[in-house]
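In what follows, a single structure is set out as C-alpha cells and then discussed.
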Amino acid sequence: MGQPGDSEGGRGYPRRARLTRPAQFQRVFRGAQRYGDRYFTILAKPNDETLARLGLAVSKKVSGRAVVRNRIKRLVRESFRHHLAAIPSRDFVVIAKPPAAKASNRELTQALERQWQRIQASPAQRCER
RNA sequence: GAAGUCGGCCGGACAGUCGCUGUGCGCGAAGCGCAUGGAGGAAAGUCCGGGCUCCACAGGGCAGGGUGCCAGGUAACGCCUGGGGGGCGCGAGCCCACGGAAAGUGCCACAGAAAACAUACCGCCGAUGGCCCGUCACCGGCGGGCACAGGUAAGGGUGAAAAGGUGCGGUAAGAGCGCACCGCGCGGGUGGCAACAUGCCGCGGCACGGUAAACCCCACCCGGAGCAAGACCAAAUAGGGGAGCAAUGGCGUGGCCCGCGCUGCUCCCGGGUAGGUCGCUGGAGGUGCACGGUGACGUGCAUCCUAGAGGAAUGACUGUCCUCGACAGAACCCGGCUUACAGGCUGGCUUCCCCU
C-alpha cells in the first residue's frame with residue numbers, strides 16, 4: 020500500500036519528540052515559519068535537538084466534543100510519527116482549524132502528508148530575534 | 001400471536017503490522033527485552049449529597065439559602081423503599097413542590113351587577129307601607145291598578161371560580177326558612193408507630209372562594225473554599241537575618257575628630273520562583289452464598305483486584321465476516337438525579353384474539 024510509514028517499518032514517538040512545557044510552546048509561537056491549509060496551521064521553528072518535536076493545539080473552537088478533538092490529535096501524532104525520519108529537526112506546533120472536525124481520517128492524513136513534504140522541501144530559516 | 005406496561009443486560013467480532021502508556025521481572029541500564037493491564041453506561045450536564053484537604057470556629061442568636069404528606073433505608077441527600085391522600089387508565093401501571101389560607105398582609109386580568117365582614121343588572125314579588133281607581137251613605141272593609149318604598153336570590157347572563165346538591169314542604173315571591181337523603185365542618189370513639197381512615201356515636205343548618213414555585217408562618221437541615229485542595233524537595237537571580245575572617249581598612253558627608261550611611265570574603269539560617277516528587281487510586285469496592293427484612297437495605301463468610309495520564313496514553317492502517325455499528329472520552333474519589341443514545345438480547349405482569 021501507499022503508506023510511507025509502513026514501508027519504512029514505522030518509527031516510535033518517544034517523549035523526546037514532544038513539546039511538553041508551556042515555555043517551549045511560547046518559543047515556537049514567537050517568530051516561527053508558517054505553513055497551512057484549510058485543516059491545519061503548522062508553526063515551525065529550528066531547535067537545538069537532533070530530533071523534530073511536536074506540539075498540538077486543538078481548541079474547543081474546533082469542536083465542542085472531546086471525542087472529535089482527541090481524534091484529530093491522534094491523527095496528527097500518528098502522521099508525525101510515520102514521517103519523523105524525513106522531517107527536519109525543528110519544533111512544530113500543529114493548530115487545528117474548525118473544518119478539520121468534519122473531515123474524514125483519510126482526508127486529514129493526506130493533508131498532513133502534503134504539509135510534511137512541503138516542510139521537507141523548504142529550507143530551515145534562522146529566525147533572528 | 002398482537003398491543004401495552006415495568007425492569008435487567010449488551011453497545012460490532014476476529015486476525016496481523018506499527019505506536020503510546022501503568023505495573024512486574026531480567027539485562028551489558030538517560031535505554032532495551034519479555035509478560036501483563038489500559039475509558040463509559042452515561043466517562044457528559046455540574047443539579048444535589050458525602051469522603052478527603054486547607055482555612056475559620058466557646059456557646060447561642062440574627063440574616064441568608066435549602067427541604068416540605070408519613071415511616072423507614074443510608075456516610076449523606078433534593079436519592080431510594082414501603083405506606084397514606086388526590087388525579088389518569090378496562091388493567092398491569094403511571095403522574096403529583098402533597099405542611100399551614102378559622103396568625104397577618106397582598107393579589108384575583110378580561111368579562112360580570114357583584115371577586116369576598118358579599119352584592120342586586122335583567123328578572124320575580126310587591127304580603128306590609130305609599131299613591132291612584134272602583135264599590136258600599138261615611139270610618140273602615142273588599143276588589144283592582146301603579147312598581148314609589150321595600151322584599152327576594154328560584155331563573156337568566158359573566159367567569160377558572162358566584163357562598164352546598166336533589167326532592168318535598170313553605171311563601172307575596174323566595175330563601176337551610178323547615179324536613180328527608182347526599183355532601184361538608186367540629187368533638188369523641190375505634191384501627192394504625194404515623195400520614196390517615198372510619199358502613200361508629202354526638203353536635204352544627206352550613207359558619208370557611210382561590211392563590212403560599214406571592215410576602216409570610218411552622219418544622220427540620222446548612223461555616224467557607226476546592227486536587228490549580230494541599231504536603232514535601234528545591235536551582236538560578238535579587239533581597240533578608242546571623243556568625244566568623246582580613247584590614248582596624250576604603251568611599252561618601254564634614255575644615256577635622258566622634259558619629260551616620262555604603263562597601264570585601266567564607267559559612268549558616270529562614271522564606272521561596274522555575275522545575276520535580278507525593279496527593280493518585282484498595283474503595284461507604286465488585287462477585288457468590290447464607291441469614292434478617294414486605295422492600296430499600298443490613299450482617300456474616302468466601303473470593304477477586306478491574307485505567308491512573310498529565311499539552312494529557314487507551315490509537316492508526318490492512319484483511320475477513322455480520323444485522324454495517326448510536327450517544328459519546330476518565331482527570332481526587334464515591335452515592336444520586338438529569339440529559340443524549342443506531343440497533344439488539346432478556347425476564348415479570350396486564351388486556352385482547354386464536355388453538356387444544
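Residue numbering for the first sequence follows this note's numbering, starting at 20 and increasing by one per position. In this text, a Cβ means the ideal position worked out from N, Cα and C, and glycines have one as well.
Out of curiosity, what's the CA-to-CA distance linking residue i and residue j?
i	j	result
residue 37	residue 103	12 Å
residue 51	residue 111	9 Å
residue 56	residue 115	10 Å
Need the endpoints of the alpha helix (DSSP H) that residue i sits in, please.
i	result
residue 117	Premise fails: residue 117 is in no alpha helix (DSSP H) and is neither H nor E.
residue 137	124-140
Pick helix, strand or coil for residue i, following the three-state DSSP scheme.
i	result
residue 37	strand
residue 76	strand
residue 96	helix
residue 53	strand
For the beta strand (DSSP E) containing residue i, list its first residue and its last residue.
i	result
residue 61	59-65
residue 84	Note, residue 84: premise wrong, no beta strand (DSSP E); not H, not E.
Is the segment 80-90 touching the segment 49-69, taking contact as three or more C-beta pairs under 8 Å? no
Are the segment 67-80 and the segment 122-133 in contact at 8 Å, needing three or more beta carbon pairs? no
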